[in-house]
Amino acid sequence: MECSSKGCKQKTHGAHKNCERCRFLVFKLRQERIKGGLCSMGCGRPLVTKRQCRECATAGNVSNAKYRAKVKEQVFNHYGSMCACCGCVDIRFLTIDHVNNDGHNSKTPGGHRISTGSVCSRIIKSGYPDAYQILCYNCNIGKYRNNGVCPHEKR
895 MECSSKGCKQ KTHGAHKNCE RCRFLVFKLR QERIKGGLCS MGCGRPLVTK RQCRECATAG
955 NVSNAKYRAK VKEQVFNHYG SMCACCGCVD IRFLTIDHVN NDGHNSKTPG GHRISTGSVC
1015 SRIIKSGYPD AYQILCYNCN IGKYRNNGVC PHEKR
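Taken in order, the sequence shown gives residues 895 to 1049; the numbers are from my numbering.
Below you can see the structure in the form of C-alpha cells.
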C-alpha cells in the first residue's frame, strides 16, 4: 500500500497508513509543538495535559471509548453474549473470564493488570482462543471464591 501523506509515494508496512519516514516526521512535528506548549494535534491551543489541549483530549477520550466498546462487542458476540454458566444476557453484568483461572498471569510488562479493552484486543489478535468465556459477574466472582468452580455447578 502507498503512504497516505500528501506527495509521498513510499510503500507502507503492516497496518500503517503512512511510511516509516512520514511517521517519524509527524512524531518530530508533534514533539516540537509540545515543547512550544501547544497541543500536539496541531490545533494551536495551549496544553492542559502532557500532549493535548482540553478539546482534543476530550475528543480522543470519546473516540477511544467508542473503539473499546466496539472491540468488546466483537468479543462478546463471538463468545455468545451470555453467561456460559447461568445464561444471564444482561450486558451490564457480563464479564470476560479466563477458563483456566489464570487471569492473574495477564499483566503488563510493568506488572499492572490489563484493562478489559486490552484483553479484548489480545483475544481478537490471537484468533478468539478457547481460553476465554463470558460469565456474569456473580458467576465470575463465585468461581474465583470457590476454587475455580461456580457455585451453580455444585448443585
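Where a beta carbon is used, it is the ideal one built from N, C-alpha and C, also for glycine. All of these numbers come straight from a predicted model, not from anything done at the bench.
Practice task
Return the chain-ordered ranges of every alpha helix (DSSP H) run that is complete within the region 994-1030 and spans a minimum of 4 residues.
Solution key: You should have 1010-1019.
Handout entry: Residue interval of the alpha helix (DSSP H) (run including HIS972)
Key = Counting along the chain, HIS972 sits inside the alpha helix (DSSP H) bounded by residues 948-973.
Exercise for the section: Note down the Cα distance separating MET895 from LYS905, rounded to an integer number of angstroms. Expected result: Between MET895 and LYS905, the C-alpha separation is close to 6 Å.
Exercise for the section: Using 10 angstroms around the beta-carbon of TYR973, count the other beta-carbons present and answer buried if the total reaches 16, otherwise exposed. Expected result: Residue environment analysis places TYR973 among the buried positions, since at least 16 neighbouring C-beta atoms fall within 10 angstroms of its C-beta.
Exercise for the section: Select from GLN925, SER1000, HIS992 and LYS966 the residue whose C-alpha is nearest the C-alpha of GLY1042. Expected result: Considering only alpha carbons, the answer is HIS992.
Problem - C-alpha gap between ASP984 and LEU923, whole angstroms - result: Approximately 46 Å, taken between the alpha carbons.
Exercise for the section: Look up LEU932 in the DSSP assignment and say whether it is helix, strand or coil. Expected result: LEU932 falls in the strand class under three-state DSSP.
Exercise for the section: On the DSSP bridge assignment, give the partners of ILE990 in chain order. Expected result: Secondary-structure assignment with DSSP links ILE990 through a beta bridge to ILE1028.
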